[in-house]
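By the count of our numbering, the sequence shown reaches residue 86 at its end, each step adding exactly one. Cβ atoms here follow ideal geometry from the backbone N, Cα and C, with glycine treated the same way. Structure first, commentary second.
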Amino acid sequence: MPVSEIVATLAGGVKVKRRFARMRACNEKDAKGKLCAGHLKRWYFFGDEVKRQLGASAEVYRCERCQTLYLPPLDEEPRTGTLCW
């Protein structure tokens, strides 16, 4: 699995990375080199520091195990709107 590029690091040490297209699992490795592989879930209620760095309406995903933050790929259409049927 390729490594995601690190976009920023928050004050608490949390990394902000860029997702790949159709990426659903975290690719962060711990100190021993073990892959996290936690599920990436859409995160709506993030704090003030994330709002300052990424914007209040940013599309942010968070790993459920290691809490690494992910932004969507640049070439992917945003999923922030409501679905139209």
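- Collapsing the DSSP output to three states places residue 61 in a strand.
- Shortest Cα-Cα distance from residue 14 to any of 37, 77, 50 and 61 involves 50.
- Secondary structure note for residue 41: its beta strand (DSSP E) is the uninterrupted segment 41–44.
- Separation of residue 59 and residue 52 (C-alpha to C-alpha, rounded to the nearest whole angstrom) is 8 angstroms.
- Distance from the CA atom of residue 76 to the CA atom of residue 67, rounded to whole angstroms, is 26 angstroms.
- Beta-bridge partners of residue 72 (DSSP): 19.
- In the three-state DSSP reduction, residue 11 falls in the coil class, being neither helix nor strand.
- Collapsing the DSSP output to three states places residue 52 in a helix.
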